[in-house]
Structure formats: C-alpha cells, structure tokens
Amino acid sequence: MAINTLSQLAVYSLVVGFIMTFVVITGFAYTTLLERKLLARLQHRVGPNRAGYIPIPTRGGKERKLLGGFMQPAADAVKLFFKEDMTPVMVDKWTYFLAPIITVIPAIFILAVIPWAGFVPYITPEGRDYFAIAPGINVGVLFILAITSISVYGVVLAGWSSNSKYAILGGIRASAQMISYELAMGLTVLVPVMLANSMDLGVIVEGQRGMWYLFLQPIAALVFWIAALAELQRAPFDLLEAEQELSAGFTVEYSSMRFGMFFLAEYMKMIIFCALFAVFFLGGYRGPFVDQVPALGFVYTALKVFLGLCVMIWIRASLPRFRYDQLMSFGWKVLLPISVVNFMIVAVMIVLVEEGVLGF
Amino acid sequence: MDNPIIVDYLPIFMLLLVALFFALLLPALSLLLGPKRSPKNAAPHKYIAYESGMAAIGEAQRRLPVKFYRIAVLFILFDVDIILLVPWAVTFRNLGFYGLAVMGVFMFLFILGDVWVWKKGILEWE
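In the order they appear, the protein sequences are chains P and C.
Just add 664 to the spot in the first sequence (first one is 1) and you have the numbering used here.
Just add 67 to the spot in the second sequence (first one is 1) and you have the numbering used here.
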C-alpha cells in the first residue's frame, strides 16, 4: 500500500488505530468470558452458560445447548450501560469524572507500538517493516515504559477523589505496588533491548529469528512476567481488590459504565502485556511459514496472547493472595536485585562475546 | 512527507484521537442510557460514601502513612537511574570495555544506594 501525503497517512492511521482498538476492546469482552469459563472449569463448575446458546434438537425432545454463554459479554455490557450513573456527594467532582478517562487512555495508547504482524502486502505502508499503528517509532520500549507510568495516575486520582476510606486505601496501596514493580520491569525490559541492540519492537522480534529470548534469558522472562502481573493487579497481587478487607478498592464509589471503564482498562492491559511478553520473549509475530505468508503473523500474535491470558487465569486459580508487606519486600528485596544482577551479567557477557574474549 | 518526525509520530496523535473518542463515548453512553433519578427523592444515605453500611465518620482525605511517600521518592530516584541505563543499553556494543567500565562505576553507585536504603530499614514494612 502506497501512502504519499500526510493527510493519507492521517486517515490511514486513524482507520488502523480505530480497528485495532475495536479489536482489543472486543478481545476485552471475550477475555472476561474466557476468565469466567476457565476459572469455572478449574474449580469444577460450569460457568456462565445461559446468555446466547445454539439450541440443537435431539431425538428425545430435549435440546442440546451448544456454545453456552457466548453472548455473556454483550449482556454484561448492556447491563452496565443501563445502570444508574450516580455521583456520591462527597467526591471531588472533576477528578472523579476524569479518573476513568485517564485510566482508559493509556491502556489504548500502548497499542501504538506493538507489532501485530510482519510486512503484509496491501495493508502495511511501503517502506515499513512490520504492521503496527505507529511503526516509525524507534524508541518503542521507552514509549511503553512512559505510558505504563502514566497509567498509575488514574488509579491514584480515582482513589483520592472518591473521598471514601476504602477507595483511598485501595488507591494508595495499588499505586505503591505498581511503582515498586515498575523498577524490576524497566530493568528486565532492557535485556531484550540489549540482545537485539535496538529499542524498536519490530527489530526485537526479528532478532529472535534463531532462538526466542525466553530460552536465552529465562530469568528475565520470569521477572518480566511477575512484574507484569503486579503491574496489572492480577492474582496473586490483586490486593486492591481484596474484597474481604477493601470491598473493591478504588472503584468502590463508581457505578455504571464508569465502573466498567476500570475493568476495560485492566483487561486491555492484560491483553497488551501478553502481547508485549510475546514480543520480548516469545518471538512476537514470528512462527513457521511466516516468511512465505506474512498474514500468518496476526494468527501467531493472537495465539501467543491467548496462551498468555490462559496462563494468567490459571495462576489466578492456583495461587493465594500475597500479604501486603510480603508483596512490597518481594518487589524491592527479591525482584529488583535479581533484575539488576541479571542486567549486569547480560551486559558483561555481550561485551565479552563482542570483543572476542568469549567465542561462540 | 519530508519531515520524518512528523511522519513517524502523526499516527500517535491519531491514536490519541481514537483513545479520546472511546474514553468519552463510554461515560456519555452510560449517562444517556441509564435511568435518571433526582437526588432529592432518594433515600437519605444513598449518596454518601460506602462504608459497609455504617455511617461515615469524618473525612477520608486525611494524612496517610509516611511509608507510601518514602516508596514514591525511592521509585523516582531508581527510575531516573534506569532511564539513564536505557540509552547505554542500545549503544554499549560500540563502546566495548570502556563503556562497561563506565557503567560499572554507575552500577556500583546504584547498588550502593540500594544497599544503604535496605540497611536503613526504609524497605521494612511493619
């Protein structure tokens, strides 16, 4: 596809951005269903199976229900939209209104740099190496670190502006947790950057032609995965949603779709971090025959994201929740030193190989 | 199409428009579709802060434990250190042993600060 003028580029990126955002929001809806279904199966239940099934008549007169529950996300969304959108009296009105918006925007914004496929004819502009919303940004890793830091603001502002004790405690706890694990994440993200010698996510993916960085750097992959779980407030780090002590954390005073927006952001970030894990450690869009048929890249990305989501849900079903002091000391005293040492070992090894002291 | 910075970063601004559209559409739809009830006709406790059914005592926006503040300050210090590592991580192959030595000094100070913070007991969480 040839793009010659700036206005063509603007329209093209608007359309691609809209489509990708829509795909990920749909993905959010079905991730909630996947989570409920999979958790139910892991706990020996059935899960949602009423909303939307295909009735298949059998000979005995009873009908079999196929694909039970596949309309559940739509039912949930409709329910959220038609609930009363109330604002409590004690809240700080503007901040209370802005907090869900500030939470959703960074979640959509990280999508810009993720490479979804290689160069696909007809839909990738000429001169670009891979298909992303903004493939020209060669500091993708820095962009991701910056935007994930911004997403802490939504949590803090939501907690503070609600003027409720549960909300403030939940917001403060969540923000302290997110910033603590961001250090370990920032350091481990540098490991694929060093191995690929670029901050461009497409170059990092192409650098894994021979071997996935997961096998070269299992420790970095593990630390990144744990830090991502903490960053996403997923189990076993879901302290802000510790229902027994904080009811619902910083979302307690929100209702209707403004409550749903926090969940939208959370699940979108789940999908995005699974995609980032795939890019950094699982070879991104690369897989068998992807050089012959570039469009397969979309399939491989989707497959790897799906696997990541299943592992996240599996972890939620298996592990108990951390205590808060354990959580903070784990982040600062275990993950941060491990990632510092790992970073230095990788740097020294690469320099030794480059200078010819160690030969491979 | 001459300025590469505009070409590279224009999609980001377009994505910002998309993000704003979705982020404003959702609360607007829920305001539009949800039932509208006047606060005057509501039960007296409906619009006060939720505290598991008890009446709220005092303001919630009060002073917070200082340890959260300490964690925030530590985060800023260490995050600036990590940002300094980022450009080095891209160019260190060209710098060779010299780059490694320079970064070794920096990492030594980084770890020294980490150890000091640890020994000082700032990371303890009672």
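Just so it is clear, CB atoms sit at the ideal spot from N, CA and C, and this is done for glycine as well.
Query - Rounded separation between Ile-843 of chain P and Tyr-114 of chain C - CA only - result: Locating residue 843 of chain P in the first sequence gives position 179, where the first residue counts as 1. Locating residue 114 of chain C in the second sequence gives position 47, where the first residue counts as 1. Cα-Cα distance, rounded: 32 Å.
Name, going along the chain, the residues of the region 885-898 of chain P whose beta-carbon falls closer than 8 Å to a beta-carbon of chain C.
none
Checklist entry - By the 10 Å Cβ neighbour count, where 16 or more other Cβ atoms means buried, how is Gln-881 of chain P classified, buried or exposed? => result Indexing the first sequence from 1 puts residue 881 of chain P at position 217. So Gln-881 of chain P counts as buried.
| message | Quick check on Pro-111 of chain C - is its C-beta less than 9 Å from some C-beta in chain P? | response | Translated into positions along the second sequence, residue 111 of chain C becomes position 44. With 9 Å as the cut-off, Pro-111 of chain C does not count as an interface residue toward chain P.
Residue closest to Leu-99 of chain C, alpha-carbon to alpha-carbon, out of P:Ser-920, P:Phe-692, P:Ala-848:
Within the second sequence, residue 99 of chain C is the residue found at index 32, counting from 1. Looking at the Cα atoms, P:Ser-920 is the closest of the given residues.
Worksheet entry | Given Gly-913 of chain P as reference, the closest of P:Asp-756, P:Ile-765, P:Val-819, P:Tyr-794 once Cα atoms are compared | Position 249 of the first sequence, counted from the start, is the residue given in the question as residue 913 of chain P. Residue P:Val-819 is the option with its Cα nearest to Gly-913 of chain P.
Quiz item: Okay, do the region 672-685 of chain P and the region 697-712 of chain P touch, 3+ Cβ pairs below 8 Å being the bar?
Solution: no
- Query: Along the chain, which unbroken stretches of the alpha helix (DSSP H) at least 4 residues long are found entirely within the region 714-792 of chain P?
  - Reply: 736-745, 757-773
Cβ of Tyr-794 of chain P within 9 Å of any chain C Cβ: Along the first sequence, read from residue 1 onward, the residue named residue 794 of chain P stands at position 130. Not an interface residue.
| query | Can you tell me the Cα-Cα spacing of Tyr-165 of chain C and Val-1012 of chain P, whole angstroms? | reply | For this step, residue 165 of chain C is matched to residue 98 along the second sequence. For this step, residue 1012 of chain P is matched to residue 348 along the first sequence. If I take the Cα positions, the gap works out to 12 Å.
Between which two residues does the alpha helix (DSSP H) harbouring Trp-185 of chain C extend?
Along the second sequence, read from residue 1 onward, the residue named residue 185 of chain C stands at position 118. It spans 133-186 - the alpha helix (DSSP H) in which Trp-185 of chain C sits, taken as one unbroken run.
At the 9 Å Cβ level, is Trp-780 of chain P part of the contact set with chain C, yes or no? Along the first sequence, read from residue 1 onward, the residue named residue 780 of chain P stands at position 116. No, Trp-780 of chain P lies away from the interface with chain C (no Cβ there is under 9 Å from its Cβ).
* **CB contact below 9 Å: Ile-935 of chain P versus chain C** => The residue given as residue 935 of chain P occupies position 271 in the first sequence. Output row for Ile-935 of chain P: interface = no.
Just how far apart, CA to CA, sit Leu-673 of chain P and Gly-972 of chain P? As a first step, residue 673 of chain P is located in the first sequence; it is residue number 9 there, counting from the start. As a first step, residue 972 of chain P is located in the first sequence; it is residue number 308 there, counting from the start. One C-alpha to the other measures close to 33 Å.
Within-9 Å CB hit, Ile-689 of chain P to chain C:
On the first sequence, position 25 is the one that residue 689 of chain P refers to. Cβ-Cβ to chain C under 9 Å: yes for Ile-689 of chain P.
* To do: State yes or no: is the beta carbon of Leu-96 of chain C nearer than 9 Å to at least one beta carbon in chain P?
  => For this step, residue 96 of chain C is matched to residue 29 along the second sequence. It does: the Cβ of Leu-96 of chain C has a partner Cβ on chain P nearer than 9 Å.
Could you tell me whether the region 717-729 of chain P touches the region 822-834 of chain P, using the rule of 3 or more Cβ pairs below 8 Å?
no
| task | Check the Cβ of Arg-104 of chain C against every Cβ in chain P and list those closer than 7 Å, keeping chain order. | result | For the purposes of this step, residue 104 of chain C is taken as residue 37 along the second sequence, with counting starting at 1. Those are Glu-748, listed as they occur along chain P.
*asked:* Using a Cβ-based criterion (distance less than 8 Å to any ligand heavy atom), does Val-755 of chain P qualify as near the ligand SAM?
replied: Because no ligand of any kind appears in the structure shown, any question about the ligand SAM cannot be addressed here.
Test item: CB-CB of Gly-772 of chain P and Phe-89 of chain C under 9 Å
Counting from 1 along the first sequence, the entry for residue 772 of chain P is found at position 108. Counting from 1 along the second sequence, the entry for residue 89 of chain C is found at position 22. In the sequence as displayed, the identity of residue 772 of chain P is Ile instead of Gly. Contact flag set, yes.
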